[in-house]
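**Student:** Have a look at the structure that comes next, please.
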Amino acid sequence: MFLTAYFGLRDLARLEPGESVLIHAAAGGVGMAAVQLARHWGAEIYGTAGPAKWDAARAAGVPDGRLANSRTLEFEQRFLEMTEGRGFDVVLDALAGDFVDASLRLLPRGGRFIEMGKSDIRDAEEVGIQHPGVAYRAFDLAEAGGERIQQMLTELVDLFEKGVLTPPPVTAWDIRRAPAAFRFMSQAQHIGKNVFTLPRRLDPEGTVLITGGTGSLGKVAARRLVAEHGVRNLLLTSRSGPQATGAAELQRELTSLGARVRIAACDVGDRDAVAELLSSLPGDAPLTAVVHSAGALDDGVITALTRERLDTVFAPKVDAALHLHELTRHLDLAAFVLFSSAAGTLGSSGQGSYVAANAFLDALAHRRRAQGLPGISLAWGLWAQGAGVGLTGHLTDADQQRMVRGGVAGLSESEGGELFDTALHMPQPVVLPMKLDPGALRTQAATGPVPPLLRGLVRQSRRTARTAVDMDAFTQRLTRATSEEQEQILLGLVCREAARVLGHASAHAIGPDLAFNEIGFDSLTAVELRNRLANHTGIRLPATLVFDYPTPTALMRHLQTKLCPDAPPAQRDNGSEEGLRRALASTPLSRFQELGILDTLMTLVRESEAEQPTDGQRVEEQPAAGQPAAGQPADGQSAATIADMDVASLVQRAMSKAGK
């Protein structure tokens, strides 16, 4: 870029201080270089670029008010007006056709036209006849010769060292994506320089750092790198380091395969700790690759997330990835691999912070590629429970069944390892190593919504995209029916959709008077049922639906009340109170935390325990105006009432206070 601009402006155009120069495509690589050089030599700079690139051209050094559109011929008249008809001393051209003719007309006698392009080279003599006194020169940098190129390089290096020149923006393309790169360039969308990068093979003598290296996925990566890629130096990190469960056995296993393995305790969310770790690498085995598999889970719906809970997930994933990116960007790495999750691409209910963290890793891989650095994010799908990979340990049976019903099958460790090997050589910055079950996906498409990114794999059932007309017809059918028929229609709807959510083949598996929480519903499946019923009926339903109406029959009556104005109001069904108490008593506190209601429930319990009078105690003080009476919660609900609440009411009240 800079050599081309230097040779064209200095050697051929003989640009002098105070002369005016028009630089076409001033936001391109050579154009930006020419602007910097012309400014250094004291020339008066004008430029053209597409309007979307004017900010980049200004940033490169084209003065505001001296820019024109390179996509239309209007620049000729605009520049004549700017220069009061004088035109320019030099034109550095990269355009063709009528744009060349318009540019030639901007040169007076003594003007120099320097053509860098190859698509519309003119005959110099004919140009001289048509434009008397104008010198036309098309060139190729090779004409400068080796000695002159060396001289120019020496001066350019000196200017860079002095800070006179700065590199323009660079967009890097993996050589395997050359067709896409050329298409992009042909559309003139790029700013700065496009360059191609060549993939490197892993250096057996270099060191590969694996964060989370003693964890489940870290072990998979370590084994594949040693056994399949010939890596001989591994640095595995985790919070516990050598004390981590299975660390000693893993080290012996990898050592037996011929690798030198060091396991270190390091909080990769701490930048200083990462910097110290990297500085400890020996000079004869420098860092040549990074695999970032560290991570943590703290699932919960978005409204339940706090700064502390976000930090739990973000620190080992997001912060650590940024530290590794910034502290290694100056190194000549062969690979920079980020282990993310398909949740960041497809979404995952109840995992707001986890989804966001993984989406960030995917974006970082894109950014590194654009900067000419190696980078790939592997957005892993579901791992099979028997795969020896502990990424499914936090999933309940209901979670697993929900994912399987959605068409996602579990990966075995060998399948995951082979996908890891393949992904290392792929040109895309983000790939999804996951296993799909086409049959389950087709079933899901026939009965419910399919994630948008997977809809191209199956034919979507028209029933999953119910229109307002469909809902209207459903409502009219209910309106014409008798009360008994309405109950049958709505109970059938509730049981059918509940069966689909739980993966049952028939609605007969759902007893009309069984509590939802007793037949397998949890916080996520409850929301899924709510969404399905809302989709069928067209009415807004609360997330607390199965707490408010905990049996299919109770829920049916609520829907009847909402859809059929003449129906009697639905009553809360307390028939399953004992079953509900048993289920909630056995529910881990983490489930309430995921829903964002644990703190509120504990507050209600403390209000109930602390504010009821003990024997011989009497409240004498009177409340101030507008304040709740002593012994009464601030929202007006008495402690006695709270103590008397059934479990379903308590949970529903907590969710209401939490904003659900």
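Numbering (full-length UniProt numbering), first residue to last: 1 to 660.
Using N, Cα and C, we set each Cβ at its ideal position, and we do this for glycine too.
1) Could you tell me the boundaries of the beta strand (DSSP E) in which Ile-539 lies?
2) For the beta strand (DSSP E) containing Ala-49, name the first residue and the last one.
3) Grouping DSSP H, G and I as helix and E and B as strand, with all else coil, what is Phe-521?
4) In whole angstroms, what is the alpha-carbon distance linking Leu-490 and Arg-402?
5) List the whole-angstrom C-beta distance separating Ile-191 from Pro-169, where the pair is believed to meet the contact cut-off of C-beta under 8 Å.
6) Which of the three DSSP states, helix, strand or coil, is assigned to Tyr-354?
7) Using only alpha-carbon positions, find the residue among Leu-493, Pro-552, Arg-10 and Glu-84 that is nearest to Ile-114.
8) Mind checking Pro-542: buried by the 16 CB within 10 Å criterion, or exposed?
9) Measuring alpha carbon to alpha carbon, tell me which of Ala-188, Met-32, Pro-433 and Leu-234 ends up nearest Glu-418.
10) With a 10 Å radius around its C-beta and 16 neighbouring C-beta atoms as the bar for buried, classify Asp-615 as buried or exposed.
11) Could you check the C-alpha separation between Tyr-136 and His-229 for me, to the nearest Å?
12) Can you check DSSP and say which residues form a bridge with Ala-335?
13) Measure from the alpha carbon of Glu-528 to the alpha carbon of each residue in Pro-132, Val-430 and Gly-406, then state which is nearest.
14) On the three-state DSSP scale, how would you describe Gly-626?
15) Is the beta carbon of Pro-512 closer than 8 Å to that of Asp-174?
16) Which same chain residues, not among the five before or five after Arg-239, have their C-beta less than 8 Å away from its C-beta?
17) Who are the near neighbours of Ala-384 in its chain, counting only those whose CB is closer than 7 Å to its CB and skipping five residues on each side?
18) Measure the C-alpha to C-alpha separation of Arg-176 and Phe-196 and round it to an integer number of angstroms.
19) With DSSP as the reference, please indicate the residues paired to Ser-341 in a beta bridge.
20) Between which two residues does the beta strand (DSSP E) harbouring Leu-22 extend?
21) Under 8 Å, with one C-beta from each stretch per pair, do the region 33-47 and the region 136-148 reach the 3-pair mark?
22) Going by CA-CA distance only, name the one from Thr-479, Ser-483, Thr-482 and Ala-507 that's closest to Gly-492.
23) Residue range of the alpha helix (DSSP H) that Ala-265 falls in?
24) Determine whether the beta carbon atoms of Leu-257 and Ala-227 lie at a separation below 8 Å.
25) Can you check which of these residues, Glu-497, Leu-555, Glu-143 and Thr-544, is closest to Asn-535 by C-alpha distance?
26) Just confirm the distance between the C-beta atoms of Gln-486 and Cys-564, as a whole number of angstroms; I'd bet it's less than 8 Å.
27) Exposed or buried, what is Asp-203 when buried is set at 16 or more other beta-carbons lying within 10 Å of its beta-carbon?
28) Could you check the C-alpha separation between Pro-242 and Ala-248 for me, to the nearest Å?
29) Nearest to Gly-18 by CA position, among Phe-88, Arg-78 and Asn-69, is which residue?
30) Might you give, ordered along the chain, the residues of its own chain that have their beta carbon closer than 8 Å to the beta carbon of Asp-64, omitting 5 neighbours on each side?
31) Which runs of the alpha helix (DSSP H) spanning at least 4 residues fall entirely within the region 196-260, listed in chain order?
32) Mind checking whether Val-450 and Leu-441 have CB atoms under 8 Å apart?
33) For Val-164 and Ala-320, what's the separation of their Cα atoms in angstroms?
34) Let me make sure I understand the geometry here. Which of Ala-289, Met-1 and Ala-49 has the alpha-carbon closest to that of Asn-194?
35) If Leu-234 sits next to Ala-259, beta carbons under 8 Å apart, how far is it from one beta carbon to the other, in whole angstroms?
36) Between the region 300-312 and the region 327-342, are three or more C-beta pairs nearer than 8 Å?
**Tutor:** This is what the structure gives:
1) Annotation: Ile-539 is outside any beta strand (DSSP E) and is labelled neither H nor E by DSSP.
2) In the DSSP assignment, Ala-49 falls within the beta strand (DSSP E) that extends over 44-49.
3) Here Phe-521 sits in coil by DSSP.
4) About 24 Å.
5) Right, the Cβ-Cβ distance comes to about 5 Å (below 8 Å), so this counts as a contact.
6) Tyr-354 falls in the helix class under three-state DSSP.
7) Comparing Cα positions, the closest option is Arg-10.
8) That one is exposed.
9) Taking each of Ala-188, Met-32, Pro-433 and Leu-234 in turn and checking the Cα distance to Glu-418, the smallest one comes out for Pro-433.
10) Confidence is the limiting factor: at Asp-615 the pLDDT is only 45, short of 50, which leaves the residue's position unreliable and the question unanswerable from this model.
11) Taking C-alpha positions only, Tyr-136 is separated from His-229 by approximately 56 Å.
12) Listed as beta-bridge partners of Ala-335 by DSSP are Ala-289.
13) The residue with the shortest Cα to Cα distance from Glu-528 is Gly-406.
14) Here the model assigns Gly-626 a pLDDT of 38, short of 50, so the residue's position is not dependable and the matter cannot be decided.
15) Not a contact, by the Cβ cut-off of 8 Å.
16) Here the set comprises Ala-265, Cys-266 and Asp-267.
17) For Ala-384, same chain residues with a beta-carbon under 7 Å away, outside a window of 5 residues either side, are Gly-410, Leu-411 and Ser-412 in chain order.
18) CA-CA distance, Arg-176 to Phe-196, rounds to 9 Å.
19) By DSSP's assignment, Ser-341 forms a beta bridge with Trp-380.
20) Secondary structure note for Leu-22: its beta strand (DSSP E) is the uninterrupted segment 20-23.
21) No contact exists between the region 33-47 and the region 136-148.
22) Of the candidates Thr-479, Ser-483, Thr-482 and Ala-507, the one whose C-alpha sits nearest the C-alpha of Gly-492 is Ala-507.
23) Careful: Ala-265 lies outside any alpha helix (DSSP H), inside the beta strand (DSSP E) at 260-265.
24) It is a contact, given that the beta carbons lie within the stated cut-off.
25) For Asn-535, the nearest C-alpha among the options comes from Glu-497.
26) Right, their Cβ atoms sit about 6 Å apart.
27) Answer is buried; the Cβ neighbour count reaches 16.
28) Here the alpha carbon of Pro-242 sits roughly 7 Å from the alpha carbon of Ala-248.
29) It is Phe-88.
30) Counting only residues of its own chain and dropping the five nearest sequence neighbours on each side, Asp-64 has a CB closer than 8 Å to the CB of Arg-58.
31) Listed in chain order, they are 216-229 and 247-256.
32) Yes, the Cβ-Cβ distance between Val-450 and Leu-441 is below 8 Å.
33) When rounded, the distance between both Cα atoms is 35 Å.
34) Of the residues Ala-289, Met-1 and Ala-49, the one whose Cα lies closest to the Cα of Asn-194 is Met-1.
35) Between Leu-234 and Ala-259 a beta carbon distance of about 6 Å is seen, short of the 8 Å cut, so the two are scored as contacting.
36) Because the criterion of three Cβ pairs below 8 Å is not met, the region 300-312 and the region 327-342 do not touch.
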